[in-house]
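Visitor: Okay, here's the structure, questions in a sec.
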Amino acid sequence: MDKTSNASEGDAKPRRLLDIVLSWPLEDVLNENLYKHKVHKIPETFKSATDYKNSFIPLLCEETRTDLSSSLSGVSRAPICEIKKVIKSKQLQLPKAQKHFKQFRHKIQLKSTFYSVEDGGDYEPGSGDLIAFTNIRPKSLDDLNTLKSPYHIGYVDRPKKRFSDMVSVLSSKCLKTDTEHDFGNREEPKLYAVYLMNMTTNLRISNALNSPSEGEHLNIIKTVLGPHLISGENCQNCLSEENCQASFTKEDMIIRSQKLNESQEDAVSSSANMINCNHSNVKLIWGPPGTGKTKTVACLLFSLLELKTRTLTCAPTNTAVLQVAIRLHRLVMDSLELETYGLGDIVLFGNSKRMKLSSHPGLVDIFLDNRVENLKRCFDSNIGWETNLRSMIRLLKSMEKFTLRKKYRAVFAFIYKQKFVEQREKLKLLMQTLYTHMPKSFISLETVKKMLQALDLLRSLGISLCFPAYIQAFYVRRDECLKVLSSLSDTISLPKFDKRDNMRVEVGNFCLSNACLIFCTASSSVKLYTAEVSPIQFLVIDEAAQLKECESTIPLQLSGLRNCILIGDERQLPALVKSKIADKCEFGRSMFERLVILGYKRHMLNIQYRMHPSISLFPCKEFYDEKLSDAPAVKEVSYNKLFLVGDMYSSYSFINIAKGKEKLGHCGQSLKNMVEVAVISEMIKSLNKVFMRTKKKVSIGIISPYNAQVNEIQEKVKQYTWDTTSDFSVNVRSVDGFQGGEEDIIIISTVRSNGSGNVGFLSNRQRANVAMTRARYCLWILGNAATLINSDSVWRNVVLDAKRRDCFHNAVEDKNLARAINDVLFEIKLLEGSESPFMKLSLGEKSEASTSSSRLVEPI
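Going by my numbering, 315 is the number at position 330 of the sequence shown; the sequence numbering is gapless.
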């Protein structure tokens, strides 16, 4: 046993993950074998809920350690800010079981951004950030552990508030306060906070895994512990025809109106049917690439909304959550009877910056933070709905005292017009806020119609005030308006909140408790654990195959949960795991994948709408057992779009680059192939020439498994990537970063080029599947055919399949590509300072290249 016994499995269980991380000395963080003998492979079945949750805890510690170690290694590039003073340091009183461990809370004053250090002034420590304290700007890891400034990390548990420069940080060591040490003094060393990582998600997972292992909140988890408890089929006793017939007449009409295919319609119907079952159920929907998964999920959610079933929709990332919310919002807006009435039943919450809500203004109406701010104004007893409604009623009634004699009409208009218009606009805004943001259970359709009627009458009154000759008509409309406003005063009853200081939280809980559909990441669903929020009945997890099973335990333990739908595709990439030890122990495996391994039944979406048939042919056969069909739309002649002339640039081709050279990138941990970079650059130039002449919109995706190659390609084609709104867009990302994306043209750079057939993690079938299923019209794969054939991986099958289908081409057949290859090989020779046998093309190759057509063709 090494000296850090605190990291053992037995010790990790009762202690908080944060305590463990803060107590690690630097040598433990960097020790790759710290957990090697303390973790076990996650089994496929479990004896109990306790056994289930405990199996993840040591691996979560190991993954956190690896993540922190990786961050420390790259500390020279980390965001940094300067600390002005440590205002206060206080030792916390910990439970008896943790007496051997000290913890301090520090109140820290940050230096103003204006005075911040160069290149680091933008960083502001945020909630959940793990930071390192240092008295110099670190250029390497060694700078974080010196005699003057030993290794010291802290956790930001209370971030900087608006218009404040103070943050609260927890750590296991005491920092000197400003009375002992003034960091503003020139003679004293400075103090910096260096960002390392954010622990929010890992801490939420840890809390979920350490929650009580008995109770109603574990119903769903208990159903998936072993194969003897699961079937994947709905309970036939609960779902009799008699029970379901009344519920689904309307929903069947909704489903049919969305023009779903048969597999999509069956998925929605059978999933929505689960609400009639009194038992805990889990259902899997298998959504291969391009099969309309998001459309299917949105239609299911729309059905659950109509059935008034309280549902939480989660996904691993903010981006994935946003995609479903956008599609559902579109469906709902198309169905609304009156303006935005009904949006109050839908809530989206999360990080607005990461979700990029500014690009989707329609979603602002369902975003929780925006809703809370709007409703706070309505509920405010001083400036809110009730006060303004009474003010308008008093104002209209006060007009009785004025005579209708002509000489007073001008005075009447002058006195009241401005006040009336001001009051009317306030009331209009409050009405719009109420029928947009209040749940339908608090405001009926008839009430909204009265609001709109009142607004029409108020508009008419405003017109009458502008024309004194219409004063008689004004009084007639005024009486009618008073009647409607008085009715609204009696009809609308708003919730009361006693704690004004905590009103934001209370209004937020009100919105979450009364919404029918809630959207957030799986990690953020911890917000729904608060006692004030009503139970969730139904859970939908999109991209479920990309969610670590331990992370799914956060939403799966919500109170009241009976039914869960997992939508995903385990044959695409799983969640990213940084630790090699944790990866081998299946830490990144999803619940979706584990249930598939156990033989759990999946409902497959079996028609793809994305790829040209020549692109889908190989993935369908290789990854989906030929169960995936092409939709009629992709078989149409119009879908056969060509962007460059020549067979090499048809819908599907493998382009052999025999003279490629793989080498390590600058950081030495990733590979690049500059010959493939040069070929891609030449292709993009040719495509851009076509675009400049035709002005026909085209989107291009360039994918590589290696980050060093991604960086080199981005640098080479950066002139085309800076404007993402252009009709000629070029998107360069890793395979992992492209999961879920699609473009008109996809170019894959496989990078590997060696005589041994070594392709490393390129051989991963899931990674290959993702890369090969992103294109709509054209997929061009670049690689060294000999290397890939000798690899005995899925890429061997790719090359051989391309040869059988006459889709195999040599890059040097195109004279422009041949010239680009020759140029870059010459540059490599100069850099290496030695003769290269590949410096020039042979005369035969030159002749072959010169006869090849490199003409451009307009897209059709």
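Glycine included, each C-beta is placed from N, C-alpha and C at the ideal position. Given the structure is predicted, the values throughout are model-derived calculations rather than measurements.
Going straight from the alpha carbon of Pro43 to that of Asp729, what length do you get?
Guide: Mapped onto the sequence shown, residue 43 falls at position 58. Mapped onto the sequence shown, residue 729 falls at position 744. Going by the C-alpha atoms only, they are around 44 angstroms apart.
Visitor: Is it right to say Gln457 is buried, meaning 16 or more other beta carbons lie within 10 angstroms of its own, or is it exposed?
Guide: Stepping through the sequence shown from its first residue, residue 457 is reached at position 472. Exposed.
Visitor: Tell me the residue span of the alpha helix (DSSP H) that contains Ser714.
Guide: Reading the sequence shown from its first residue, position 729 is the one you call residue 714. Ser714 -> not in any alpha helix (DSSP H); beta strand (DSSP E) instead, spanning Phe713 to Ser719.
Visitor: Give, in chain order, every unbroken run of the alpha helix (DSSP H) that is at least 4 residues long and sits entirely within the region 460 to 522.
Guide: Complete alpha helix (DSSP H) runs here, min 4: 488 to 499.
Visitor: State the start and end residues of the unbroken beta strand (DSSP E) segment that holds Ser248.
Guide: Locating residue 248 in the sequence shown gives position 263, where the first residue counts as 1. Careful: Ser248 lies outside any beta strand (DSSP E), inside the alpha helix (DSSP H) at Glu247 to Ala257.
Visitor: Nearest-angstrom Cα distance between Leu115 and Ile669?
Guide: Reading the sequence shown from its first residue, position 130 is the one you call residue 115. Reading the sequence shown from its first residue, position 684 is the one you call residue 669. Roughly 41 angstroms separates the two Cα atoms.
Visitor: Are the Cβ atoms of Gly335 and Cys505 separated by less than 8 angstroms?
Guide: Start at 1 with the first residue of the sequence shown, and residue 335 comes out as number 350. Start at 1 with the first residue of the sequence shown, and residue 505 comes out as number 520. For Gly335 and Cys505, yes; Cβs fall inside 8 angstroms.
Visitor: Pull up the distance between the alpha-carbon of Leu497 and that of Trp9, whole angstroms please.
Guide: Numbered from 1 along the sequence shown, position 512 holds the residue referred to as residue 497. Numbered from 1 along the sequence shown, position 24 holds the residue referred to as residue 9. Approximately 38 angstroms between the Cα atoms of the pair.
Visitor: Give me, in chain order, the residues of the same chain whose beta-carbon lies closer than 8 angstroms to that of Ala507; leave out the 5 immediate sequence neighbours on both sides.
Guide: Looking up residue 507 in the sequence shown gives position 522. Excluding residues within five positions, the ones whose Cβ falls inside 8 angstroms are Cys299, Ala300, Pro301, Ile526, Leu532, Glu536, Ser537, Ile539 and Pro540.
Visitor: If you measure between the beta carbons of Cys66 and Leu45, is that distance less than 8 angstroms?
Guide: As a position in the sequence shown, residue 66 is number 81, starting the count at 1. As a position in the sequence shown, residue 45 is number 60, starting the count at 1. For Cys66 and Leu45, no; Cβs fall outside 8 angstroms.
Visitor: So what does Arg90 bridge to, in DSSP terms?
Guide: Position 105 of the sequence shown, counted from the start, is the residue given in the question as residue 90. Lys75 and Leu155.
Visitor: With burial defined as no fewer than 16 other Cβ atoms inside 10 Å of the residue's Cβ, what is the status of Phe746: buried or exposed?
Guide: One-based indexing of the sequence shown puts residue 746 at position 761. Under this definition Phe746 is an exposed residue.
Visitor: Nearest by alpha-carbon distance to Leu602: which of Ser478, His588, Ala643 and Arg789 is it?
Guide: The residue labelled residue 602 in the question sits at position 617 within the sequence shown. When each option's Cα is compared against that of Leu602, the closest is Arg789.
Visitor: Return the chain-ordered list of same chain residues with a C-beta closer than 8 angstroms to the C-beta of Asn303, the five sequence neighbours on each side being excluded.
Guide: Locating residue 303 in the sequence shown gives position 318, counting from the first residue. Taken in chain order, the residues that qualify are Gly335, Asn336, Arg339, Met340 and Thr506.
Visitor: Which partner residues of Phe639 appear in the DSSP bridge assignment?
Guide: Numbered from 1 along the sequence shown, position 654 holds the residue referred to as residue 639. Phe639 pairs with Ile766 and Phe793.
Visitor: Can the beta-carbon of Leu188 be found closer than 8 angstroms to that of Leu470?
Guide: Residue mapping note: residue 188 aligns to position 203 of the sequence shown, counting from 1. Residue mapping note: residue 470 aligns to position 485 of the sequence shown, counting from 1. Going by C-beta atoms, Leu188 is not nearer than 8 angstroms to Leu470.
Visitor: Whole angstroms are fine: how far does the CA of Leu546 sit from the CA of Arg50?
Guide: Stepping through the sequence shown from its first residue, residue 50 is reached at position 65. Stepping through the sequence shown from its first residue, residue 546 is reached at position 561. So the alpha carbons of these two residues sit roughly 33 angstroms apart.
Visitor: Count the other CB atoms, across all protein chains shown, that sit within 10 Å of the CB of Asp808; report buried if there are 16 or more and exposed otherwise.
Guide: As a first step, residue 808 is located in the sequence shown; it is residue number 823 there, counting from the start. With fewer than 16 Cβ atoms within 10 Å of its Cβ, Asp808 is classed as exposed.
Visitor: Is it the case that the Cβ atoms of Val717 and Ile698 are separated by a distance below 8 angstroms?
Guide: Numbered from 1 along the sequence shown, position 732 holds the residue referred to as residue 717. Numbered from 1 along the sequence shown, position 713 holds the residue referred to as residue 698. Yes. Within cutoff.
Visitor: Go through its chain and collect everything with a Cβ distance to Met184's Cβ below 6 angstroms, but skip five positions before and after it.
Guide: Your numbering for residue 184 matches position 199 in the sequence shown. Contacts found: Gly113 and Leu115.
Visitor: What residue from Val14, Ser198, Val6 and Asp13 has the CA that sits closest to Lys38's CA?
Guide: Walking along the sequence shown from the start, residue 38 turns up at place 53. Answer by Cα proximity: Ser198.
Visitor: Which of helix, strand or coil does DSSP assign to His422?
Guide: As a working note, residue 422 is residue 437 in the sequence shown. Three-state DSSP puts His422 in a helix.
Visitor: Out of Gln751, Glu661 and Gly686, state which residue places its alpha-carbon closest to the alpha-carbon of Arg574.
Guide: Locating residue 574 in the sequence shown gives position 589, counting from the first residue. When only C-alpha atoms are compared, the closest one is Gln751.
Visitor: Ordered along the chain, which non-local residues of its own chain (more than five positions away) have a Cβ less than 7 angstroms from that of Leu176?
Guide: Locating residue 176 in the sequence shown gives position 191, counting from the first residue. Once the five neighbours on either side are set aside, the close Cβ partners of Leu176 are Ile68, Phe118, Asn120 and Phe168.
Visitor: Checking the sheet assignment: what are the DSSP bridge partners for Arg587?
Guide: What you label residue 587 is simply residue 602 of the sequence shown in a count that begins at 1. Paired residues: Leu269.
Visitor: Would you identify the three-state DSSP class for Ser821, choosing helix, strand or coil?
Guide: On the sequence shown, position 836 is the one that residue 821 refers to. Low local confidence applies: a pLDDT of 42 at Ser821 is under 50, so the model's placement there is unreliable, and no value is given.
Visitor: Could you give the distance in angstroms between the alpha-carbon of Ala305 and the alpha-carbon of Asp777?
Guide: Within the sequence shown, the letter at position 320 stands for residue 305. Within the sequence shown, the letter at position 792 stands for residue 777. Taking the straight line joining both Cα atoms gives about 34 angstroms.
Visitor: For Thr(-11) and Lys87, what's the separation of their Cα atoms in angstroms?
Guide: Position 4 of the sequence shown, counted from the start, is the residue given in the question as residue -11. Position 102 of the sequence shown, counted from the start, is the residue given in the question as residue 87. With a pLDDT of 35 at Thr(-11), under the threshold of 50, the modelled position of that residue is not reliable, and no figure is offered here.
Visitor: If you draw a straight line from the alpha carbon of Asp4 to that of Asn696, how long is it in whole angstroms?
Guide: For the purposes of this step, residue 4 is taken as residue 19 along the sequence shown, with counting starting at 1. For the purposes of this step, residue 696 is taken as residue 711 along the sequence shown, with counting starting at 1. Approximately 37 angstroms between the Cα atoms of the pair.
Visitor: In its own chain, which residues sit with a C-beta less than 6 angstroms from the C-beta of Met576, not counting the 5 before and 5 after it?
Guide: Indexing the sequence shown from 1 puts residue 576 at position 591. So the list reads Glu534 and Ser537, once near-sequence residues are dropped.
Visitor: Just confirm the distance between the C-beta atoms of Leu437 and Leu323, as a whole number of angstroms; I'd bet it's less than 8 angstroms.
Guide: For the purposes of this step, residue 437 is identified with residue 452 of the sequence shown, where counting begins at 1. For the purposes of this step, residue 323 is identified with residue 338 of the sequence shown, where counting begins at 1. The pair is a contact, with the Cβ atoms about 7 angstroms apart (cut-off 8 angstroms).
Visitor: DSSP on Leu2, reduced to helix/strand/coil?
Guide: Working through the sequence shown from its first residue, we reach residue 2 at position 17. Leu2 falls in the helix class under three-state DSSP.
Visitor: Mind reading off the beta-carbon distance from Phe723 to Gly686? Whole number of angstroms is fine, and I expect it under 8 angstroms.
Guide: Along the sequence shown, read from residue 1 onward, the residue named residue 723 stands at position 738. Along the sequence shown, read from residue 1 onward, the residue named residue 686 stands at position 701. The Cβ separation is near 6 angstroms, so the contact holds.
Visitor: Would Arg489 pass as a contact of Val349 if the rule is Cβ separation under 8 angstroms?
Guide: On the sequence shown, position 504 is the one that residue 489 refers to. On the sequence shown, position 364 is the one that residue 349 refers to. Cβ distance not < 8 angstroms, so Arg489 and Val349 don't count as in contact.
Visitor: Tell me, to the nearest whole angstrom, how far the beta carbon of Leu590 is from that of Pro273; I am working on the premise that it is less than 8 angstroms.
Guide: To locate residue 590, count along the sequence shown from 1; it is residue 605. To locate residue 273, count along the sequence shown from 1; it is residue 288. Going by Cβ atoms, the distance from Leu590 to Pro273 rounds to 7 angstroms, so yes, they are a contact pair.
Visitor: Mind checking whether Ala796 and Val664 have CB atoms under 8 angstroms apart?
Guide: For the purposes of this step, residue 796 is taken as the residue at position 811 of the sequence shown. For the purposes of this step, residue 664 is taken as the residue at position 679 of the sequence shown. Cβ atoms of Ala796 and Val664: closer than 8 angstroms.
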